[in-house]
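Residue numbers (this note's numbering), protein chains in the order written: chain A, 92 to 483; chain B, 92 to 483. Remarks on the structure that follows.
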């Protein structure tokens with residue numbers, strides 16, 4: 092086990108009806124907040140009105156900024172930063188999924204920064220201060236409700252970069268699994284895929300003697316995969332949504348990655364896809380992850396055997412590890428197909444033409460100095476290109 | 092799954108050598124601290140000198156209060172409260188195991204309370220403020236390094252009561268598993284038993300549809316039981332200590348109890364034993380837990396079958412659940428014996444004479460109004476007495 096720090100201070104308020112208390116929950120922290128959200132879905136569902144009613148009842152003043160889109164845009168964050176400064180906002184309440192929360196975090200750190208907040212995403216420079224962010228979660232997926240991470244798309248540069256800081260961990264996050272009942276099926280599938288990938292990125296490691304976190308990763312993955320078909324079949328299965336929702340938070344609050352080297356290769360490769368093609372992050376991951384596994388498994392056969400046996404339920408008592416590993420990958424593909432995910436890039440309308448460009452971008456090769464991505468196997472642009480091609 | 096709140100803000104700084112940075116870690120929070128510890132072991136090991144050197148190098152002033160004993164005493168907490176007030180202490184650094192941390196928490200809340208801090212333990216009244224507590228952990232066991240709980244013994248009244256508040260969660264805890272190398276074997280066994288019990292008290296529940304936390308509990312228990320023999324056989328097995336130490340924190344930071352009714356019957360019954368007989372908490376739990384299981388399993392057969400199969404590795408494909416459950420309990424007893432725990436109260440010098448008195452105290456029956464303890468099965472004083480007798 093490697094030395095580590097674990098710090099996950101976001102307070103999780105979980106369960107039926109908990110969003111109706113959001114005003115009282117925020118009152119100790121702010122007199123004026125920015126209510127930040129996406130499009131029409133929270134208005135149609137009535138959530139928007141209930142959140143506003145709760146804020147008003149608690150005497151918490153607010154201004155509003157809607158319009159966050161999937162793969163949230165830098166330009167809207169700029170707008171939010173201006174608004175917060177003008178209105179003396181003390182806290183940002185993100186009502187939505189990962190895109191809204193990530194956008195809120197960009198605004199939260201931008202308010203105290205003199206330059207363009209994109210600098211943080213591009214250079215990774217540390218921040219000293221950010222507005223507190225609170226969350227009412229409507230899509231279990233990104234884990235952004237517990238993490239200090241944010242991903243933003245710079246539309247002008249067609250770049251999608253992530254940034255992380257402990258200062259960006261939400262103050263508190265409210266999760267009512269009943270809010271997930273109305274999610275479209277593709278968002279359900281994408282959320283499930285994304286949270287599984289958050290575990291995969293930590294699970295697949297060359298760090299040995301990490302038995303506890305291995306086991307935590309495996310439990311989270313099994314729980315997600317066991318409950319996914321239940322919510323796909325019955326969108327109002329509250330108990331199954333509780334498992335999926337809570338698992339999505341545990342997958343990304345840092346716990347399951349403690350003491351181990353992490354990978355993040357698939358996330359990096361996927362960000363290039365959705366920056367250029369504007370596809371859903373989860374769909375991109377569903378296609379890339381099995382391709383990545385096929386490309387890298389020989390670099391750590393034991394890890395992939397363990398995955399096949401402990402997570403995918405493959406019988407481990409065969410003498411050919413390759414058969415065990417391949418059956419594990421086959422079952423993962425079958426699982427993704429069963430929740431409605433595409434199996435290839437072509438199904439998402441992505442052809443060969445820009446693969447090399449994306450591979451060079453993913454590793455920053457085209458920006459002068461190449462930074463290989465991944466952990467279990469270091470991936471240079473040629474490796475990334477090979478994986479994209481496997482995923483075609 | 093029940094509605095819940097999860098809030099675990101304690102920052103865990105984990106790994107070899109991390110205690111040598113304690114001065115820098117505390118510097119942002121306090122100019123003057125109370126260094127609180129037990130007896131001679133930290134002096135003998137050199138830890139005391141290293142912590143002082145780190146504080147001095149960072150320019151953090153300190154005063155000292157040693158002398159914490161297992162089953163920490165109210166009288167020492169009173170002394171600490173006076174000292175902190177006199178010296179304008181801003182933070183308490185507990186260097187030790189659960190007893191030292193629990194004592195530090197008593198002092199931390201007592202400083203801001205006008206009456207006797209015992210009031211909190213006796214009446215459960217809420218606190219508004221406490222000094223921050225930081226920890227350098229020397230015994231993985233109590234989980235107090237991440238929890239808001241404290242247990243104190245009132246020597247005059249021969250009562251051992253617990254108290255909990257989110258305000259008592261440590262600010263940060265440093266855990267270097269190398270510090271565990273010099274623990275005596277009985278402390279190792281007691282620590283392992285205590286952390287397992289923290290999971291048991293949450294795991295054995297009548298709340299259904301809590302698959303994720305069931306799985307997390309099972310993983311933590313399996314990890315502890317897999318690594319326990321390694322540290323018992325080789326006190327310097329760093330990798331195994333990492334698993335045990337980290338598991339001890341996860342067992343008690345609140346995560347594995349989210350969304351489920353909890354039990355705490357065995358802890359309550361054990362507190363009576365160690366208040367009167369001053370036995371080790373872990374040893375008491377090792378004796379009481381299997382007896383409790385025998386007494387209550389029929390109230391939730393499915394839960395005990397799951398425990399036997401998922402945790403104790405019993406083959407679950409037999410038609411008589413009773414056989415599966417009993418084999419699970421038998422294996423748990425065998426495990427406790429293998430790490431050197433006693434199997435009966437008599438082995439610890441406890442006879443029949445005060446069992447009824449303890450049973451009436453455990454349920455507060457002797458104080459006028461009985462509060463049954465336990466969750467999976469409510470235990471009245473007669474039940475507690477029956478369990479004590481089973482454990483004889």
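All C-beta atoms, glycine included, are put in the ideal place defined by N, C-alpha and C. Fair warning: this is a prediction, and the values are worked out from it, not measured in the lab.
Helix, strand or coil for residue 217 of chain B, going by three-state DSSP, please let me know. coil
Helix, strand or coil: how does DSSP classify residue 403 of chain B here? coil
For residue 307 of chain A and residue 136 of chain B, what's the separation of their Cα atoms in angstroms? So the two alpha carbons sit approximately 34 Å from each other.
Does the CB of residue 200 of chain A have a neighbour CB from chain B at under 8 Å? no
Cβ-based neighbour list, residue 115 of chain A, same chain, cut-off 7 Å, excluding 5 preceding and 5 following: Contacts found: 149.
For residue 374 of chain B, the nearest candidate out of B/382, B/281, B/413, B/318 (CA to CA): B/281
To the nearest angstrom, report how far apart residue 250 of chain A and residue 365 of chain A are at their CA atoms. When rounded, the distance between both Cα atoms is 9 Å.
Whole-angstrom distance between residue 228 of chain B and residue 265 of chain B, CA atom to CA atom: 6 Å
Length-filtered (3 minimum) beta strand (DSSP E) runs lying within the stretch 240-265 of chain B: 240-245, 250-255
Would a C-beta distance cut-off of 8 Å place residue 286 of chain B and residue 231 of chain B closer than the cut-off? Cβ distance < 8 Å, so residue 286 of chain B and residue 231 of chain B count as in contact.
For a quick check, are the C-beta atoms of residue 101 of chain A and residue 182 of chain A less than 8 Å apart? no
Is there a Cβ of chain A sitting closer than 8 Å to that of residue 160 of chain B, yes or no? No, no contact with chain A.
Under 7 Å Cβ to Cβ from residue 45 of chain B, same chain only, skipping five residues before and after it: list those, please. Only positions 92 to 483 of chain B appear in the structure, and residue 45 of chain B is not among them; the question remains open.
Residue 412 of chain A - containing alpha helix (DSSP H), residue span: 412-429
Contacting positions in the stretch 99-130 of chain B - beta carbon closer than 7 Å to chain A: 99, 100, 102, 103, 104, 105, 106, 107, 109
What did DSSP end up calling residue 433 of chain A once you bin it into helix, strand or coil? coil
Nearest-angstrom Cα separation, counted from residue 407 of chain B out to residue 399 of chain B: 8 Å
If you draw a straight line from the C-alpha of residue 172 of chain B to the C-alpha of residue 199 of chain B, how long is it? 7 Å
Go ahead and label residue 413 of chain B buried or exposed: buried means 16 or more other beta carbons lie within 10 angstroms of its beta carbon, across all protein chains shown. exposed
Relative to the alpha-carbon of residue 440 of chain B, which residue among B/383, B/404, B/367, B/419 has its alpha-carbon at the smallest distance? B/367
Enclosing beta strand (DSSP E) for residue 97 of chain A [first to last residue]: 95-105
Is there at least one Cβ from chain A nearer than 8 Å to residue 298 of chain B's Cβ? Not a single CB atom of chain A sits nearer than 8 Å to the CB of residue 298 of chain B.
Best match in A/363, A/138, A/156, A/321 for proximity to residue 125 of chain A [C-alpha to C-alpha]: A/156
Apart from the five residues on each side of it in sequence, which residues of its chain come closer than 7 Å, Cβ to Cβ, to residue 176 of chain B? 202
First and last residue of the uninterrupted alpha helix (DSSP H) at residue 169 of chain A: 165-178
Beta-carbon proximity list for residue 118 of chain B, same chain, < 6 Å, skipping 5 on both sides: 149, 151
Chain-order list of residues whose beta-carbon lies under 6 Å from that of residue 238 of chain A (same chain, five-residue window excluded): 343
Taking only beta-carbon positions, decide if residue 302 of chain A is within less than 8 Å of chain B. Interface residue, yes.
Report the neighbours of residue 317 of chain B on chain A: residues whose CB is nearer than 9 Å to its CB, in chain order. 302
Mapping the DSSP letters down to three states, classify residue 289 of chain B as helix, strand or coil. helix
Taking DSSP as the reference, what is the three-state secondary structure of residue 155 of chain A? strand
Excluding the 5 residues flanking residue 129 of chain B on each side, which residues of the same chain have their C-beta closer than 6 Å to its C-beta? 159, 187, 191
N-terminal and C-terminal residue of the alpha helix (DSSP H) that residue 480 of chain A is part of: For residue 480 of chain A, the enclosing alpha helix (DSSP H) stretches over residues 472-482.
Distance, residue 234 of chain A Cα to residue 277 of chain B Cα: 41 Å
Give me whichever residues DSSP pairs with residue 224 of chain B in a beta bridge. B/183
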